[in-house]
Amino acid sequence: MTNQISDWDYNALKALYRNTFAESDAVAEEILGYARAYGEIRFLKEDGAVATMLCLTELENGLKYLFAAATNLDYRKKGLFAKNLSLSVNPNENVVCIPEQKELFDLYDRLGFTRHGYVLQVSIDGDGSFINKSNAPLRQLYNIYRNGLFRPKKPEELFYSTIRCHILYGGTVICGDDYYALCERKNGRSYIYELCVPAGEEERLPGIIKGCTLGETTVRLPSEYAAILKEHNIPYGKKKLFALKSSILDANDLYINLLYN
Numbered sequence: 002m003t004n005q006i007s008d009w010d011y012n013a014l015k016a017l018y019r020n021t022f023a024e025s026d027a028v029a030e031e032i033l034g035y036a037r038a039y040g041e042i043r044f045l046k047e048d049g050a051v052a053t054m055l056c057l058t059e060l061e062n063g064l065k066y067l068f069a070a071a072t073n074l075d076y077r078k079k080g081l082f083a084k085n086l087s088l089s090v091n092p093n094e095n096v097v098c099i100p101e102q103k104e105l106f107d108l109y110d111r112l113g114f115t116r117h118g119y120v121l122q123v124s125i126d127g128d129g130s131f132i133n134k135s136n137a138p139l140r141q142l143y144n145i146y147r148n149g150l151f152r153p154k155k156p157e158e159l160f161y162s163t164i165r166c167h168i169l170y171g172g173t174v175i176c177g178d179d180y181y182a183l184c185e186r187k188n189g190r191s192y193i194y195e196l197c198v199p200a201g202e203e204e205r206l207p208g209i210i211k212g213c214t215l216g217e218t219t220v221r222l223p224s225e226y227a228a229i230l231k232e233h234n235i236p237y238g239k240k241k242l243f244a245l246k247s248s249i250l251d252a253n254d255l256y257i258n259l260l261y262n
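In my numbering, the protein residues as written are 2 to 262.
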């Protein structure tokens, strides 16, 4: 295991990430480039080749975020990811992850990520009245984010990196002076993966949601917004989104927003 990444190993790690998730080089560079500069990349080799890797970074309250992981197809089911994780994370550290697929929760449960966090999932019809609002500079978006309910907060460079990655995935950013929405439209449906308004101004949510999307829309929101949704007769469900490995933290006290997923 190493955290000193040579250019040779870095290129091998990018190739592993691209091949595992069928991602572009631009996405792999954004995610692994952030990890190399500001976080940690931990990996194991077998027979001289990179067999498994994971990327970690720290959120503002000291909670570690496991934001990327990949294992070479030739080395799966050999326990290498579990070994790498055990070598990379102190048993007393608090770690959170967002499994890429719901089927992966079972794997993370076995690795100690047994506390699950939920978000509200809302279906609503949008009118598209805000869609033409232009993207704001990253710094303005970050200032809006700092005033929102998301917790724990991401460091500034991580926030910028995840916004860039959202755009690389084909998403858009719709914003006003004090709110933003990270949106995507696919298969004839609109999605809002992250919606940030100033704390205490939740009454504005229904109008912003409708304006930022067109037609059938799915939105993820923190649990604190349940009361305002009920007030406006907007139905919602719960979606299991992230997994926490901690003996002291409660996943329900966190709201992990869009990171690299």
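For glycine and all other residues, C-beta sits at the position ideal for the given N, C-alpha and C.
Run through DSSP, which three-state label would residue i get?
{"i": "Y170", "result": "coil"}
{"i": "E41", "result": "strand"}
{"i": "Y119", "result": "strand"}
{"i": "K211", "result": "helix"}
{"i": "E202", "result": "coil"}
{"i": "A70", "result": "strand"}
{"i": "I132", "result": "coil"}
{"i": "L159", "result": "helix"}
{"i": "R165", "result": "helix"}
{"i": "L150", "result": "coil"}
{"i": "L33", "result": "helix"}
{"i": "K103", "result": "helix"}
{"i": "D251", "result": "coil"}
Determine the direct distance from the alpha carbon of residue j to that of residue i, and round the result to whole angstroms.
{"i": "Y170", "j": "E31", "result": "11 Å"}
{"i": "T3", "j": "K84", "result": "Unreliable positioning characterises T3 in this predicted model, as indicated by a pLDDT of 44, which lies under 50. A coordinate reading is not provided."}
{"i": "A50", "j": "G113", "result": "28 Å"}
{"i": "E158", "j": "V28", "result": "16 Å"}
{"i": "P236", "j": "D254", "result": "22 Å"}
{"i": "T173", "j": "L121", "result": "21 Å"}
{"i": "S224", "j": "H117", "result": "14 Å"}
{"i": "I132", "j": "Y143", "result": "20 Å"}
{"i": "E185", "j": "G129", "result": "13 Å"}
{"i": "D8", "j": "E24", "result": "20 Å"}
{"i": "D107", "j": "T115", "result": "9 Å"}
{"i": "E94", "j": "F22", "result": "28 Å"}
{"i": "S162", "j": "A38", "result": "11 Å"}
{"i": "A182", "j": "L242", "result": "18 Å"}
{"i": "E203", "j": "T72", "result": "41 Å"}
{"i": "R77", "j": "L206", "result": "44 Å"}
{"i": "I210", "j": "V220", "result": "8 Å"}
{"i": "L81", "j": "G177", "result": "46 Å"}
{"i": "P10", "j": "K187", "result": "The displayed chain sequence assigns Asp, not Pro, to residue 10. Computed Cα separation, rounded: 35 Å."}
{"i": "S247", "j": "I145", "result": "29 Å"}
{"i": "C56", "j": "A137", "result": "29 Å"}
{"i": "M54", "j": "G201", "result": "41 Å"}
{"i": "A16", "j": "L33", "result": "11 Å"}
{"i": "A227", "j": "S87", "result": "37 Å"}
Looking at the secondary structure, which residues open and close the beta strand (DSSP E) in which residue i lies?
{"i": "I193", "result": "R190 to C197"}
{"i": "K240", "result": "Y237 to K246"}
{"i": "Y181", "result": "Y181 to K187"}
Looking at the strands, I want to know which residues DSSP matches up with residue i.
{"i": "D126", "result": "E217"}
{"i": "E59", "result": "K65"}
{"i": "E47", "result": "A50"}
{"i": "Y256", "result": "R152"}
{"i": "A175", "result": "The amino acid at residue 175 is misidentified as Ala; the sequence shows Ile. Its beta-bridge partners are A182."}
{"i": "L222", "result": "L121"}
{"i": "V96", "result": "K65 and K246"}
List the endpoints of the continuous alpha helix (DSSP H) containing residue i.
{"i": "A16", "result": "D8 to F22"}
{"i": "L230", "result": "A227 to E232"}
{"i": "A83", "result": "L81 to S89"}
{"i": "Y143", "result": "L139 to R147"}
{"i": "R111", "result": "F106 to R111"}
Verify the CB distance criterion: does residue i have a CB-CB separation below 7 Å to chain B?
{"i": "G118", "result": "The structure shown contains no chain B; it is built from a single protein chain."}
Cβ pair count under 8 Å reaching 3, the segment 212-228 against the segment 124-131:
Three or more beta-carbon pairs drawn from the segment 212-228 and the segment 124-131 are found closer than 8 Å, and the two stretches are therefore classed as touching.
Cβ contact check for the segment 55-70 and the segment 146-155: 3 or more pairs under 8 Å:
Segments in contact, yes.
Is the segment 182-195 close to the segment 83-101, with three or more CB pairs under 8 Å?
With a cut-off of 8 Å, the segment 83-101 and the segment 182-195 do not count as touching, because too few Cβ pairs lie within range.
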